[in-house]
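K.L.:
In the numbering used here, the protein residues as written are 8 to 384. Positions of the beta carbon are idealized from the N, C-alpha and C atoms, including for glycine. Only a predicted model underlies this, so the values are computations on that prediction, with no experimental measurement involved.
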Ligand SMILES: Nc1nc2c(ncn2[C@@H]2O[C@H](COP(=O)(O)OP(=O)(O)O)[C@@H](O)[C@H]2O)c(=O)[nH]1
Ligand SMILES: [Mg+2]
Ligand SMILES: [Zn+2]
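1) Please classify residue 428: does DSSP put it in a helix, a strand, or coil?
2) With respect to the alpha helix (DSSP H) encompassing residue 303, which residues constitute its N-terminal and C-terminal limits?
3) At a cut-off of 8 angstroms, is residue 333 close to ligand 3 when judged by its beta-carbon and the heavy atoms of the ligand?
4) Starting from residue 141, trace the beta strand (DSSP E) in both directions and tell me its first and last residue.
5) How big is the Cα-Cα spacing for residue 283 and residue 182?
6) Once DSSP output is grouped into helix, strand and coil, what is the label at residue 267?
7) Only counting the same chain, and skipping five residues up and downstream in sequence, which positions put a Cβ closer than 8 angstroms to that of residue 302?
8) Return helix, strand or coil for residue 145, following the three-state DSSP convention.
9) Using three-state DSSP, classify residue 173 as helix, strand or coil.
10) With distances taken between CB atoms, is the gap from residue 261 to residue 172 smaller than 9 angstroms?
11) Can residue 129 be considered in contact with ligand 3, in the sense that its beta carbon sits closer than 8 angstroms to one or more heavy atoms?
12) For a cutoff of 9 angstroms on Cβ pairs, would you count residue 133 as touching chain D?
13) Is residue 234 near ligand 1, with its Cβ less than 8 angstroms from a heavy atom?
14) Excluding sequence positions up to five away, which residues of its chain have a Cβ less than 8 angstroms from the Cβ of residue 215?
15) Have a look at 140, 150, 357, 328 and flag the residue whose alpha-carbon is nearest the alpha-carbon of residue 379.
16) Would you say the beta carbon of residue 374 comes nearer than 8 angstroms to a heavy atom of ligand 3?
17) Could you pull the start and end residues of the alpha helix (DSSP H) that residue 158 belongs to?
18) Taking the beta carbon of residue 352 as the centre, do at least 16 other beta carbons fall within 10 Å, making it buried, or is it exposed?
19) Hey, residue 129 and residue 299 are a contact pair by Cβ (cut 8 angstroms); roughly how many whole angstroms apart?
20) Going by DSSP, which residues form a beta bridge with residue 209?
21) Taking 8 angstroms as the cut-off, is the C-beta of residue 184 nearer than that to any heavy atom in ligand 2?
22) With a threshold of 16 other CB atoms inside 10 Å of the CB of residue 306, please say whether the residue is buried or exposed.
23) My output table needs one value for residue 328: the three-state DSSP class, helix, strand or coil.
24) Secondary structure at residue 192, three-state DSSP: helix, strand or coil?
25) Is residue 301 near ligand 2, judged by its Cβ being under 8 angstroms from some heavy atom?
26) With H, G and I counted as helix, E and B as strand and the rest as coil, what does DSSP make of residue 150?
In structure tokens, the structure reads:
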């Protein structure tokens, strides 16, 4: 192990935890599930096969946190090429070199043996070293340390989806479908949990009076999340959209039908993603890929499409964790009578009285209630 700094985070007490909402901090790498030897678990807490997730996790904070926290092997670096994983499905991993060449790679078997998380040895967005063995084929020898990882699940083993993410773009539409603030908030919580910054792209503004959106924009701006008003159809707001995406790796997330594919098509000519189709994976055949795919932007940067992933599936957030991610509640929590106040049904609640006095947005509080009560759909 290198000089990794282990931070114990107790999610039951996350009101003390500093969240990184809107923070681009990259220093937080892999969030390692607690399926590790007991020396990493507090009080000998262990996870049973079907048991609930241990609330206490060890987060490895180091920009040297290696993929899956596995030790690195010695390899002959001089024979290897460096590239970025565009997609990884089954046995085939597509790697792109900085010069534009693409290689279909397999994964060196020993990497599997060394990994703690078999499903996430190589994921989209990874930077890898691979040994080319033909003009377009190779074998991945090493996965470079990851930063900004998104995944889903929380029990036992997380399924990591994308590595080296700079930000999540939460795409919503003003109408058709109408914006559901609690879905935005659920995404914000997921992004914060993954230590990834979040921006909001509010599409289809051609369908409404932009003045009606001001209140909403204000609420998120105050939380530190930029809201970019756009219309794929009328090509409005695209300069700002490009500026936010430029030279970053962005995961695009959002409900189906909000215009994610349409927006990507207008900013990246030639992409030609299908639009307006039923994109709910449950309605598609079993051959539908659920893996993330990276698209390069001509003006610099990458967008990651996660076709099969519904927004709810980004990091499961447990009800007890939600409060810690509603940063604006924090100043009022100390006025709650009960130390473990859930701010939903208790009397003498600092949060509820702040809502009543207009110090916390009713919309955000309603989101909090929905997420806490597990009614987030
Ligand atoms: N009025 C309007 N319709 C849009 C806009 N952007 C996308 N749409 C339509 O919304 C539907 C869903 O778009 P799509 O890009 O497939 O959404 P996705 O499921 O999020 O990828 C399509 O019929 C689009 O033509 C927009 O800015 N304004
Ligand atoms: Mg789409
Ligand atoms: Zn309270």
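P.N.:
Judging by the given coordinates:
1) Absent from the model: residue 428. The displayed extent of the chain is 8 to 384, so no value can be given.
2) It is not in any alpha helix (DSSP H) - residue 303 instead sits in the beta strand (DSSP E) that spans 300-303.
3) no
4) 134-141
5) 15 angstroms
6) helix
7) 271, 275, 278, 309, 310, 311, 312
8) strand
9) coil
10) no
11) no
12) In the displayed structure, chain D is absent; only one protein chain is listed.
13) no
14) 181, 182
15) 328
16) no
17) Run containing residue 158: none in the alpha helix (DSSP H); it sits in the beta strand (DSSP E), 157-159.
18) exposed
19) Wrong, their Cβ atoms sit about 12 angstroms apart, outside the cutoff.
20) 179, 236
21) no
22) exposed
23) helix
24) helix
25) no
26) strand
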